[in-house]
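Everything below concerns the one structure shown next.
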Amino acid sequence: MGAVTDDEVIRKRLLIDGDGAGDDRRINVLLKSFTKWCNSPGTPEEGFTQYQRMLGILAQCESSMGKTLMVYDMNLREMENYEKIYTNIEQNITSAHDKIAECKKEIQRAKRIRKNRQEYDALAKVIQQHPDRHETLKQLEALDKELMQLSHIKENVDAKLELRKKQFHVLLSTIQELQQTLENDEKSDNDDSQESPFLSVLFCKFSFGSTVFSKQHFKPSILHYVVL
1 MGAVTDDEVI RKRLLIDGDG AGDDRRINVL LKSFTKWCNS PGTPEEGFTQ YQRMLGILAQ
61 CESSMGKTLM VYDMNLREME NYEKIYTNIE QNITSAHDKI AECKKEIQRA KRIRKNRQEY
121 DALAKVIQQH PDRHETLKQL EALDKELMQL SHIKENVDAK LELRKKQFHV LLSTIQELQQ
181 TLENDEKSDN DDSQESPFLS VLFCKFSFGS TVFSKQHFKP SILHYVVL
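For the sequence shown, our numbering begins at 1 and goes up steadily by one.
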């Protein structure tokens with residue numbers, strides 16, 4: 001046979017004894033005693049004793065019933081109290097869930113604020129590595145002035161360069177004309193091997209930019225180049 005559980009034992013005891021206090025047994029004894037007392041041909045003393053015994057059993061039954069009613073009332077009050085406690089617990093649980101949800105929102109908000117602050121700090125560090133707007137504007141103004149000065153210098157240099165080109169061109173033209181004149185003079189004198197007295201003392205020096213060209217004691221035959 002399997003082991004008998006506590007629930008089965010309690011169930012059988014309740015079926016046998018009613019509420020577990022032996023009231024059914026007392027009532028059965030009271031009924032049997034009452035029947036016996038009614039049908040007993042005994043003496044009055046025995047009948048009175050039996051009567052007192054039945055009153056005692058009846059008092060026990062009434063006392064047990066009173067205790068049962070008190071326990072019942074107590075159970076009702078306990079049930080009401082438990083209902084209140086249950087309601088309070090449910091309210092506390094709901095409130096706790098609401099607080100947890102609010103705390104989660106606060107945590108998310110705090111994380112977002114912390115992330116934004118970190119991004120702001122990183123951006124501020126990057127900004128601090130560069131000059132401010134006022135300094136940048138000053139540097140731009142200085143660069144503009146420098147560019148204007150360089151532009152003027154370039155214009156002056158270009159003008160001087162153009163002038164030197166024109167002067168050099170005039171000089172070359174003059175030299176060519178002089179050379180042609182000397183050659184004509186030499187041909188007329190039929191003296192190709194003799195140096196021209198004029199050329200022996202001629203010193204030609206001209207400049208183009210940073211390049212310097214110089215000719216001294218040159219023959220007319222070697223003055224056929226043009227430097228551009």
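Each residue gets a CB set at the ideal place from its N, CA and C atoms; glycine is no exception.
Which of the three DSSP states is assigned to residue i in this structure?
{"i": "Q129", "result": "coil"}
{"i": "S64", "result": "helix"}
{"i": "P41", "result": "coil"}
{"i": "F206", "result": "With a pLDDT of 40 at F206, under the threshold of 50, the modelled position of that residue is not reliable, and no figure is offered here."}
In whole angstroms, give me the CA-to-CA distance for residue i and residue j.
{"i": "Q149", "j": "D158", "result": "14 Å"}
{"i": "I175", "j": "T136", "result": "57 Å"}
{"i": "L182", "j": "L172", "result": "15 Å"}
{"i": "L123", "j": "K105", "result": "27 Å"}
{"i": "N81", "j": "T87", "result": "10 Å"}
{"i": "Q139", "j": "N156", "result": "26 Å"}
{"i": "D73", "j": "M79", "result": "10 Å"}
{"i": "P44", "j": "T35", "result": "16 Å"}
{"i": "Q91", "j": "I85", "result": "10 Å"}
{"i": "P197", "j": "Q167", "result": "Only weak support exists for where P197 lies, its pLDDT of 46 falling under 50; the value from the coordinates is given anyway. Approximately 26 Å, taken between the alpha carbons."}
{"i": "K165", "j": "Q179", "result": "21 Å"}
{"i": "R112", "j": "E119", "result": "10 Å"}
{"i": "D121", "j": "E162", "result": "58 Å"}
{"i": "H169", "j": "Q129", "result": "57 Å"}
{"i": "C38", "j": "R77", "result": "44 Å"}
{"i": "I100", "j": "K115", "result": "22 Å"}
{"i": "E177", "j": "D185", "result": "12 Å"}
{"i": "N75", "j": "R109", "result": "50 Å"}
{"i": "E146", "j": "I153", "result": "10 Å"}
{"i": "L143", "j": "S151", "result": "12 Å"}
{"i": "M54", "j": "V71", "result": "25 Å"}
Quick check: does the Cβ of residue i come within less than 8 Å of any heavy atom belonging to the ligand MN?
{"i": "E119", "result": "Among the ligands in the structure shown, none appear at all, so the ligand MN cannot be discussed."}
Q: Could you tell me whether the stretch 95 to 111 touches the stretch 58 to 70, using the rule of 3 or more Cβ pairs below 8 Å?
A: The stretch 95 to 111 is not in contact with the stretch 58 to 70.
Q: Taking 8 Å as the threshold, find out whether the stretch 56 to 64 comes into contact with the stretch 26 to 35 through three or more Cβ pairs.
A: Here the stretch 56 to 64 makes contact with the stretch 26 to 35; the two share three or more CB pairs at distances below 8 Å.
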